[in-house]
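Numbers in our numbering are just positions in the sequence shown, counted from 1, shifted up by 1041.
Glycine included, each C-beta is placed from N, C-alpha and C at the ideal position.
Since we're looking at a predicted model, the values are computed, not measured.
A short write-up of the structure that comes next.
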Amino acid sequence: MNKFSFDDEKTQRIPPSSQGAGPGQQGKLVLGNNSVQPDYRQHQPYAAYPQVQHAPVASQVDQLAPTMYVQPPMSVPPQSAPVYPQIAQPGQPGNNKKMQAKRPRRMGCLVGLGILLVVCILSAIVSQRVLAFGSAISPQSPLSTQTNYMGTSDRVNMLVMGYGGGNHDGANLIDSMVVVSTLPQNHHTSLISIPRDLYVQYPPNSGKYVKMNEIYEDASQNGAQRIAGSDATVAKVKLVTGLDVKYWLMIDFNGFRELIDSIGGVDVYVPDAFTAKYPKNDDAKQDASWIYPHFSKGNQHMDGETAIRYARARYATDNLAEGSDFARSARQQIIIKAVLAKVKQVSTWPSMFNALDALQKTIYTNLSMADLMQLALKVDLNDVKTAHIGLSNQNVLEDAYIPFYVARPKNGDWSLISRYVQAHLYN
């Protein structure tokens, strides 16, 4: 007798049925009843019942069995849950919990991308404006450095020159000269005022003497060659003071007026009250009349025009000391300090584009923009330790008339000036 087993259960054998097939059951396919095990023996028809001959019953199942397999009837399975439950199916409310959780994240990503895009655009605009500004104010590449971004232990000396500007006669005569000398590592700064009436030899070794403020006008060919004029003035200041002056900054007072207005004016402390006699127009050919602005002692808020009048006034009607060249240099230092302090204030930053536009018309320097910004950050002109050195007839100079007024070192000893500067540089 043969023994059989299923492929998926190799160890379990199914015993053959001990009961033969009943009449009429040969070759039938019985559905829906798994209690009777199928008989896999090779049958010999009618061997168990030789005395009875039965014709096979031809049922519907028997007719279909030899030719095809009939799938048993099955009930319709319940509709399965959607693969993506967060997506609502037709006629169903849908599951919104996960979708509601994802929507804020998606919105957050979109908002973040939008902010990043705006920041990139604004950064590009600001960078373009700043680089254009740097190229306009200096012959140096905007991001280059001559001072290693002030990362030096040596003093950095820069001559700041202010001039009237415009198209009138004397527009390129220097009104004020101040050497800004700073130690970058500790931010100590000294301001040395150079009198515009100091009588010096120019050109060098020529035997010809001019006032210090005339060198720029002559060497620059009346402002046409700004670099040549500035370099010539710096060379003379270096010789007179004994300081290693390498850098210069030109300030056009006409543009300075606009700069002060663009930052909302400046706050100034006036140490001495006086009434100035000031030309109504820089060009006397247009209007030769005078005005008499009064400056009270104490804290004052000044717009651009008032600040320029205060800084440039040459004549005083009541306090005659304020009419001197030395007093004017001191007042110009006060205005420059006030402007620098105002630019550093955070409240001024929203007006920075307007300030850059005004400053672009106001200054010109041989420092790169990067070096100039570092210098502005490191210099604190309002520090009480800042040394203010003024060369005057109260220390190393004397007055002379040849026949016009000039200033020169006492007894013709030029070394007095350099020794005096070195002695007071760190005070």
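Exercise. In terms of residues, what are the limits of the alpha helix (DSSP H) holding residue 1370?
Worked result: Per DSSP, residue 1370 belongs to the alpha helix (DSSP H) from 1366-1385.
Problem set entry | Local Cβ density within 10 Å of residue 1447, reported as buried at 16 or more and exposed below that | It is buried - the Cβ of residue 1447 has at least 16 other Cβ atoms within 10 Å.
Exercise. To which residues does DSSP link residue 1315 through a beta bridge?
Worked result: DSSP output for residue 1315 lists 1336 as bridge partner(s).
Problem set entry | Alpha-carbon spacing of residue 1199 relative to residue 1286, whole angstroms | Cα to Cα, the separation comes out at about 6 Å.
Exercise. Where DSSP assigns a beta bridge to residue 1237, which residues make up the other side?
Worked result: Answer by DSSP bridge pairing: none, since residue 1237 is not bridged.
Exercise. Is there contact between the segment 1312-1321 and the segment 1362-1378, where contact requires at least three CB pairs shorter than 8 Å?
Worked result: Output reads yes: the segment 1362-1378 touches the segment 1312-1321.
Exercise. Residue 1398 by DSSP, collapsed to three states: which one?
Worked result: Helix.
Problem set entry | Reduced DSSP category for residue 1146 - H, G, I as helix; E, B as strand; rest coil | Correct three-state label for residue 1146: helix.
Problem set entry | Segment contact flag, the segment 1459-1467 with the segment 1277-1296, C-beta cutoff 8 Å, min 3 pairs | The segment 1459-1467 makes contact with the segment 1277-1296: 3 or more CB pairs, one atom from each, lie closer than 8 Å.
Exercise. Is residue 1304 helix, strand or coil by DSSP?
Worked result: Three-state result, residue 1304: coil.
For this session: State the CB to CB distance for the pair residue 1261 and residue 1213, rounded to an integer number of angstroms; the pair is presumed to be in contact (CB under 8 Å).
Result: Your pair residue 1261 and residue 1213 checks out as a contact, with CB atoms roughly 6 Å apart and the cut at 8 Å.
Exercise. How big is the Cα-Cα spacing for residue 1364 and residue 1357?
Worked result: Going by the C-alpha atoms only, they are around 5 Å apart.
Problem set entry | Beta-carbon separation (whole angstroms), residue 1362 vs residue 1231, contact threshold 8 Å | Contact flag wrong, Cβ pair sits at about 24 Å.
Problem set entry | Candidates 1274, 1430, 1384, 1156: closest to residue 1396 by CA position | Per the Cα distances, 1384.
Problem set entry | Cα-Cα separation, residue 1169 to residue 1330 | Approximately 45 Å, taken between the alpha carbons.
Exercise. Span of the alpha helix (DSSP H) holding residue 1269?
Worked result: Counting along the chain, residue 1269 sits inside the alpha helix (DSSP H) bounded by residues 1267-1282.
Exercise. Helix, strand or coil: how does DSSP classify residue 1151 here?
Worked result: DSSP places residue 1151 in helix when its eight states are reduced to three.
Exercise. Considering only residues of the same chain and omitting the five flanking positions on each side of residue 1449, which have a CB-CB separation below 6 Å?
Worked result: Hits under 6 Å: 1240, 1441.
Problem set entry | Anticipated Cβ contact below 8 Å, residue 1288 with residue 1434, distance rounded | Contact between residue 1288 and residue 1434 is ruled out by a C-beta separation of about 29 Å, above the 8 Å threshold.
Exercise. Taking Cβ positions, are residue 1171 and residue 1301 nearer each other than 9 Å?
Worked result: Not closer than 9 Å, so no.
For this session: Could you check what DSSP says for residue 1455 in three-state terms: helix, strand or coil?
Result: Coil.
For this session: Please list, in chain order, all residues of the same chain as residue 1417 whose beta carbon is under 7 Å from its beta carbon, the five residues on each side excluded.
Result: Excluding sequence positions up to five before and after residue 1417, its CB lies within less than 7 Å of the CB of 1381, all in the same chain and listed in chain order.
Problem set entry | DSSP-derived helix/strand/coil call for residue 1231 | Of the three classes helix, strand and coil, the one that applies to residue 1231 here is strand, per DSSP.
For this session: Leaving aside the five residues before and after residue 1402 along the sequence, list all residues of the same chain whose C-beta is less than 6 Å from its C-beta, in chain order.
Result: Answer for residue 1402: 1296, listed in chain order.
Exercise. Does the Cβ of residue 1436 have 16 or more other Cβ atoms within 10 Å, making it buried, or fewer, making it exposed?
Worked result: Exposed.
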